[in-house]
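Here is the structure we will look at, set down as C-alpha cells.
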Amino acid sequence: MKRLLGIIKKHNQEQLLVQSGSFVGILDESQKNDFKAYSILSDQKQSKSITGELFNFRLGPLSGASLECGTYNIYTYGERMVDVDIDISYKSRGIENLMCGKNTTHALTLSENVCANFAFSHSVAFSRAIEEAYKITISDYCRFTRLILIEVERIYNHIFVISRLAMAAAQKVYASHLIYLFDDLLSLNKKFFQSRFLKGINKIGSMNYIPISQIKIFVEQLDKIVNEFLKIYEFSLKSVNYLDRLHNTGVLTINDFDDINFDGPALKAIGYYTDIRQFESDFDFKPIVETDGDSLARMIVRAKEVQQSLNIIKSLLEKFKKDSLELDVNLYNDSKTRIGIGQCESPSGTITYYVELTGNIIDYVYISTSSMFLFNTIEKALKGQIFTDFAFTVDSFGAFFADAAK
1 MKRLLGIIKK
11 HNQEQLLVQS
21 GSFVGILDES
31 QKNDFKAYSI
41 LSDQKQSKSI
51 TGELFNFRLG
61 PLSGASLECG
71 TYNIYTYGER
81 MVDVDIDISY
91 KSRGIENLMC
101 GKNTTHALTL
111 SENVCANFAF
121 SHSVAFSRAI
131 EEAYKITISD
141 YCRFTRLILI
151 EVERIYNHIF
161 VISRLAMAAA
171 QKVYASHLIY
181 LFDDLLSLNK
191 KFFQSRFLKG
201 INKIGSMNYI
211 PISQIKIFVE
221 QLDKIVNEFL
231 KIYEFSLKSV
241 NYLDRLHNTG
251 VLTINDFDDI
261 NFDGPALKAI
271 GYYTDIRQFE
281 SDFDFKPIVE
291 TDGDSLARMI
301 VRAKEVQQSL
311 NIIKSLLEKF
321 KKDSLELDVN
331 LYNDSKTRIG
341 IGQCESPSGT
351 ITYYVELTGN
361 IIDYVYISTS
371 SMFLFNTIEK
381 ALKGQIFTDF
391 AFTVDSFGAF
401 FADAAK
C-alpha cells in the first residue's frame with residue numbers, strides 16, 4: 001500500500017513524504033492528487049457547518065473522557081453524533097521547531113518527549129534517521145536491544161488500551177487488574193532500565209550498556225506479567241455484555257483507509273497492514289489481522305500482539321549472544337549537509353522522522369506519527385454512533401493528542 005506520510009514544507013515549496021512497501025522517500029508536489037489524505041495533512045479539512053436542529057456539544061479540553069487536553073466538537077441533536085471535529089492544538093509544543101538549531105543529542109531527548117507512551121519508538125525512529133544521514137552501521141548488540149525494547153513498549157501500551165476499554169464498559173475489577181499489570185510493567189522498566197517509559201536508554205548509533213544476563217531476568221519477569229494478562233483477557237471474553245459493547249462500534253472499512261491513511265492495529269482490524277516489521281530480517285513476522293473493523297476487532301489485534309511481541313522478544317534473546325560495551329558515536333561537526341529518514345513501528349502505527357542536518361546541527365525536521373492520522377479516523381468512526389459508544393470508539397485506537405500535535 002502506498003501511503004502519504006507527510007508534507008515537507010520549505011521555502012514556500014512542498015514535497016511529499018511517501019512510503020510504498022519498504023521504500024520511504026520524497027516525491028514532487030505534482031503527485032499530490034494521487035493521495036486523498038493530502039487535504040488532511042495540508043490542513044484543508046472542510047469546516048463543519050451546523051444545520052437544522054444540530055448543535056455543537058463541546059467536550060474538553062479537560063474532561064473525564066480523555067487523559068490529555070483536547071476538544072471534541074460533537075455535532076448532535078441530542079443522542080446520536082452526526083459529525084465530529086477534534087481539536088488537537090492544546091498539546092502542540094512545536095517540537096519540530098524546537099529541534100532546529102540543536103545538536104543531535106539534544107534533539108534525541110526532545111524526540112522522547114513527543115509522547116511518553118511512545119517515547120522509545122520516537123527515539124529509535126529519530127536515531128535511525130540520523131544514522132542513515134551519517135551512514136552509521138549499528139552493532140548487533142544495539143540492534144537487538146532496540147528491537148526487544150520496541151516490543152516491550154508495544155506490550156505495555158496494548159495492555160493500557162485494553163484497560164481503557166474495560167473501564168469504559170464498567171468492567172472495574174478487570175480494568176483495575178489490567179492497570180495493575182500496566183504499572184507493574186512500568187515498574188519493571190524502572191528497575192532494569194532506570195526509566196518507566198524507556199527514556200535515556202537509546203543513543204545515536206549506540207545504546208546504554210545493559211548486560212544480556214540482566215535482559216534475560218527482565219524477560220523472565222515480563223513473561224509472568226504477559227501470562228497473567230492473557231489469562232484474565234481470555235476470562236474477559238466470556239462476558240457477552242462486555243463484547244457486545246465493542247462489537248459493531250466505530251466500524252471502519254478499506255475505503256476509510258484510502259481517504260484517511262491510518263495504520264497500526266486500526267488498519268489490521270479491517271484485514272490490511274503496513275507494519276514495517278514485515279521487512280525485519282532479525283525475526284519472523286506475520287502481521288495479525290481481523291476483518292470486522294470495529295472496536296472489538298481492534299482490541300483482539302492488540303491482545304494477540306501482546307503474545308506475539310513476547311514471542312519476538314524471546315526469539316531475539318536466543319540470537320543475543322554477546323555483551324557489548326557501546327561507545328558513543330562522534331558525529332562530524334562539519335559544514336556538510338545531510339538528509340536522513342528513519343522509521344519505527346510504534347504500538348499504534350508507524351512513526352517516521354525526516355531530518356536535514358548541517359554537520360551535527362539540525363536544520364529541519366518533519367515528524368509523521370500514527371496519531372496524526374488516527375484522530376481523523378476517530379472523527380469518521382464516531383459519526384453515527386450514540387454518545388454511550390464514545391469511549392469504546394475513541395479508546396480503541398490508542399491515539400494520543402501529544403503524539404498528533406507534536
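Sequence positions in the sequence shown follow my numbering and run 1 to 406. C-beta atoms are modelled at their ideal positions from N, C-alpha and C, and glycine is treated no differently.
Taking a cut-off of 8 Å on C-beta distances, the stretch 244-264 touches the stretch 294-303, as three or more cross pairs fall below it. For Thr-388, no alpha helix (DSSP H) encloses it, and the DSSP letter there is neither H nor E.
Beta-bridge partners assigned by DSSP to Cys-344: Ile-351. With a cutoff of 8 Å on beta-carbon distance, Glu-68 and Lys-91 are scored as near each other. The closest CA to that of Ser-324, considering only Leu-181, Ser-163, Ser-206, is found on Ser-206. A direct Cα-Cα distance of roughly 44 Å separates Ser-39 from Glu-228.
Short of 6 Å from the beta carbon of Lys-224, and not among the five residues preceding or following it, lies no beta carbon of its own chain.
Tyr-141 and Asn-103 have their alpha carbons spaced roughly 25 Å apart. For Gln-19, the enclosing beta strand (DSSP E) begins and ends at 13-20. In this structure, DSSP gives Asn-202 an extended state, which the three-state scheme calls strand.
Look at Asp-43 here: in three-state DSSP terms it is coil, with no helix or strand label.
Using a Cβ distance threshold of 8 Å, Cys-344 and Ser-121 count as a contacting pair. The stretch 367-380 and the stretch 257-268 touch, with three or more beta-carbon pairs separated by less than 8 Å.
Taking the C-beta atoms as reference points, Asp-83 is found nearer than 8 Å to Tyr-75.
The beta-carbon separation of Met-99 and Val-365, rounded to 5 Å, stays under the 8 Å limit for a contact.
8 Å or more divides the Cβ of Asp-363 from the Cβ of Arg-143. Residue burial annotation: Leu-198 is buried, with at least 16 other C-beta atoms found within 10 angstroms of its C-beta. In this structure, Ser-315 lies away from Ser-348, with their beta-carbon atoms at least 8 Å apart. For the pair Leu-17 and Tyr-354, the CB atoms are nearer than the 8 Å cut-off. Residue pairing for Arg-80: DSSP places it in a beta bridge opposite Ile-386.
Within the stretch 62-146, the complete beta strand (DSSP E) segments of 3 residues or longer fall at 71-76, 81-87, listed in chain order. In the structure shown, the three-state DSSP call for Ile-232 is helix.
By DSSP's assignment, Glu-356 forms a beta bridge with Ile-339, Tyr-364. In the structure shown, Ile-260 adopts helical secondary structure according to DSSP, grouped into three states.
Look at the beta carbons and you see the stretch 21-32 not touching the stretch 52-68: under three pairs across the two are nearer than 8 Å. As the crow flies, the alpha-carbon of Leu-4 is around 14 Å from that of Asp-256. Non-local beta-carbon contacts of Phe-192 in its own chain, meaning distances under 7 Å to residues more than five positions away in sequence, involve Gln-214, Phe-218 in chain order. In terms of Cβ geometry, Asn-189 and Arg-196 form a close pair [threshold 8 Å].
If you look at Ile-313, you'll find it in the alpha helix (DSSP H) that goes 295-319. With respect to Ile-155, Ser-309 sits close: the two C-beta atoms are nearer than 8 Å. Residue pairing from DSSP places Met-207 in a beta bridge opposite Asn-202.
Closest in C-alpha terms to Val-226, from the list Glu-151, Gly-250, Glu-131, Phe-390, comes Glu-151. Of the candidates Phe-23, Leu-147, Phe-160, Gln-278, Phe-160 places its Cα closest to the Cα of Asp-183.
For Leu-178, the uninterrupted alpha helix (DSSP H) segment begins and ends at 172-193. Shortest Cα-Cα distance from Thr-337 to any of Tyr-77, Thr-358, Ser-239 involves Thr-358.
In this structure, Phe-373 sits away from Leu-382, with a CB-CB distance that is not shorter than 8 Å.
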